[in-house]
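A.B. asks: Quick one: the structure is below, and I'll ask about it shortly.
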Amino acid sequence: MKKALFAVAAVALLAVAAQAGEIKYHEWPCAPIAQEITTIPVVMDVGYWVRIKDQGSLKIKLNQDSIHTYSGCTNMTVETNTCLTFSCSISKVKKDGNDVVPGSYSCSVSPANIDAPGGTLTACAKITDADLSKVPGGTKGVHVANVTIKVVPRACPI
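The numbering of the sequence shown is our numbering, which starts it at 4 and goes up by one.
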């Protein structure tokens with residue numbers, strides 16, 4: 004009786020092993036031909052990306068609004084695979100440790116939120132209380148500040 008139970012258990016164990024993806028030796032072809040034994044799924048986590056086209060040609064040209072106020076904007080084409088929130092910061096350019104053009108600087112972006120697949124972002128800069136005494140009159144293309152665009156992914160509206 005014990006031998007019969009052992010034989011039944013051995014057959015059941017072999018049947019389970021054969022179902023687990025093992026190649027059955029009695030079914031192997033005579034020639035050495037590759038046999039499919041399993042399929043493995045490949046998965047990935049997709050990250051966020053954003054691209055601003057033609058970054059190298061972007062420039063904000065300031066125009067005089069009043070005696071000591073200058074402002075200007077530029078448009079950027081944004082491509083992305085997610086919803087984004089944009090912001091900016093502005094830093095004055097210094098020459099010999101002093102501001103090239105002293106004054107109060109500010110920047111803004113519009114719209115602040117852009118959804119996939121992208122859109123147009125407008126970045127603006129402004130100087131108020133500009134002290135022009137440090138730069139000779141008639142000078143063209145004076146580099147006075149840098150605007151840095153910042154971005155963070157956000158939850159997309161459903």
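Quick reminder that beta carbons are idealized off the backbone N, C-alpha and C, glycines included. Keep in mind it's a predicted model, so treat the numbers as computed, not measured.
Can you pull the DSSP bridge partners for Pro-156?
C.D. replies: Beta-bridge pairing links Pro-156 to Leu-87.
A.B. asks: For Ser-109, report the span of its beta strand (DSSP E) as first-last.
C.D. replies: Looking at the DSSP string, the run of the beta strand (DSSP E) that includes Ser-109 is 107 to 113.
A.B. asks: Can you tell me where the beta strand (DSSP E) holding Ser-69 begins and where it ends?
C.D. replies: Run containing Ser-69: 66 to 69, per the beta strand (DSSP E) assignment.
A.B. asks: Report the residue from Ile-40, Val-103, Asn-78, Ala-34 whose alpha carbon sits nearest the alpha carbon of Thr-142.
C.D. replies: Of Ile-40, Val-103, Asn-78, Ala-34, the residue nearest in Cα terms is Val-103.
A.B. asks: Can you tell which of Thr-151, Trp-52, Val-155 has the C-alpha that lies nearest to the C-alpha of Pro-120?
C.D. replies: Of Thr-151, Trp-52, Val-155, the residue nearest in Cα terms is Trp-52.
A.B. asks: Val-155 to Asp-68, Cα distance in whole Å?
C.D. replies: So the alpha carbons of these two residues sit roughly 32 Å apart.
A.B. asks: Whole angstroms is fine: what's the gap from Ile-40's alpha carbon to Cys-33's?
C.D. replies: C-alpha separation (whole angstroms): 17 Å.
A.B. asks: Take Asn-66 and list the residues in its own chain whose beta-carbon comes closer than 8 Å to its own, dropping the five residues that flank it on each side.
C.D. replies: Result list for Asn-66: Tyr-73, Ser-74, Gly-75, in chain order.
A.B. asks: From Asp-99 to Asp-48, what distance separates their C-alpha atoms?
C.D. replies: C-alpha separation (whole angstroms): 48 Å.
A.B. asks: Report the option in Leu-124, Ala-158, Asp-132 whose CA atom is closest to the CA atom of Thr-80.
C.D. replies: Closest option to Thr-80, Cα to Cα, is Leu-124.
A.B. asks: If you follow the beta strand (DSSP E) that Ile-55 is in, where does it begin and where does it stop?
C.D. replies: Element bounds for Ile-55: 53 to 55.
A.B. asks: CB Cys-91 to CB Ile-152, shorter than 7 Å?
C.D. replies: Yes, Cβ-Cβ distance for Cys-91 and Ile-152 is below 7 Å.
A.B. asks: If we ignore side chains and look at the alpha-carbon of each, how far apart do Ile-70 and Ala-158 end up?
C.D. replies: Whole-angstrom Cα-Cα distance: 44 Å.
A.B. asks: Taking DSSP as the reference, what is the three-state secondary structure of Leu-3?
C.D. replies: Given that the chain is displayed from residue 4 to residue 161, the structure contains no residue 3 and the question cannot be resolved.
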